[in-house]
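The sequence shown lines up with residues 5 to 155 when you count with our numbering. A virtual CB, placed ideally from N, CA and C, is assigned to each residue, including glycine. Inspection log for the structure reproduced underneath, given as structure tokens.
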Amino acid sequence: MAPPPLTKEAQAVFDKYTHNFVRRLKKPEAVKMFVNDYKLSDEHAGVMFDIFDIDKNGELSIWEYQQFYSSLGNSLNDVIELFYKVQKDDSSGTVDMERTFDEMKQVKTMSGRILNDTELEQFLKKGTNENRELDFKRFINVIVRIKTFRG
């Protein structure tokens with residue numbers, strides 16, 4: 005299923021970084037877009053690129069950008085704030101799963117649905133690493149999967 009069309013503002017953001025009508029951004033341009041227009045750190049911008057370069061070709065296509073924008077676009081900074089809110093106090097760069105579970109009970113799918121506890125637990129379990137932890141990239145991936153969930 006195709007993502008919803010971009011708003012004029014979102015399209016304008018992407019277009020600022022394209023050259024010669026090519027509808028793809030190489031990693032440096034995409035990272036620059038995330039830093040300048042979405043106010044991300046270089047590290048977070050790189051993570052966004054890595055997540056949304058879905059075909060792993062080193063470029064962010066307009067379709068991949070639509071995936072980013074439809075799932076995170078306007079709520080991106082809120083999602084990043086949520087990560088830091090639920091982050092463990094031990095400087096590990098991972099989240100406290102209990103706090104994460106409680107806070108994610110409010111995260112809605114794009115259709116406006118809130119997951120039940122069992123569904124949320126499944127998303128979190130599938131997103132964790134071998135130590136049952138979520139780092140920033142895994143956390144963003146879980147949020148994106150929840151947002152795009154159609155069940």
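- A Cβ-Cβ separation of about 22 Å leaves Phe105 out of contact with Leu80 under the 8 Å criterion.
- Annotation for Phe53: Lys31, Ala34, Val35 place their beta carbon closer than 6 Å to its own, counting only its chain and skipping 5 residues before and after.
- Ile150 and Glu13 have their C-alpha atoms roughly 25 Å apart.
- Spanning the alpha carbons of Val90 and Leu138 requires a straight line of approximately 10 Å.
- Take Lys92, set aside five residues on each side of it, and the residues of its chain with a beta-carbon closer than 6 Å to its own are Thr98, Asp100, in chain order.
- Counting the other Cβ atoms within 10 Å of the Cβ of Val148 gives 16 or more, which makes it buried.
- Every unbroken stretch of the beta strand (DSSP E) spanning 3 or more residues and falling wholly within the segment 24-77 is given here in chain order: 28-30, 63-65.
- For Leu10, there is no enclosing alpha helix (DSSP H), as DSSP gives it neither H nor E.
- Taking C-beta atoms as the reference points, Thr152 and Ser75 count as a pair closer than 7 Å.
- Arg117 is classed as exposed because its beta carbon has fewer than 16 other beta carbons within 10 Å across all chains shown.
- Asn81: member of the alpha helix (DSSP H) spanning 80-90, first to last residue.
- Beta-carbon to beta-carbon, Tyr73 and Leu10 are separated by about 6 Å, close enough to satisfy the 8 Å threshold.
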